[in-house]
Each structure stands twice: as structure tokens, then as C-alpha cells.
Amino acid sequence: MIDEASKMENEIVLFIDEIHTIIGA
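Take the position in the sequence shown, starting the count at 1, then add 41; the result is the number in this note's numbering.
Following this line, the structure appears as C-alpha cells:
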């Protein structure tokens, strides 16, 4: 369960990072 939570959290971080990149572009 911990691994899944970590994986999901990591995906969310990457998703937010992409959004910031698109907005900043």
C-alpha cells in the first residue's frame, strides 16, 4: 500500500509540474 501511495503521489507531482510548464510556456 505504501508503494502505491508513493507512486500515486509521484504521478501527481509530475502532473502538476507539467501544468506549470504549460502555463509558464
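Virtual Cβ for every residue (Gly too), placed ideally from N, Cα, C. These numbers come from a predicted model, not from an experiment.
Alpha carbon of residue i to alpha carbon of residue j, nearest angstrom
| i | j | result |
| --- | --- | --- |
| residue 62 | residue 42 | 30 Å |
| residue 49 | residue 66 | 26 Å |
| residue 45 | residue 52 | 11 Å |
| residue 47 | residue 64 | 26 Å |
| residue 60 | residue 54 | 10 Å |
Sequence-distant residues of the same chain with beta carbon closer than 6 Å to residue i, five excluded per side
| i | result |
| --- | --- |
| residue 57 | none |
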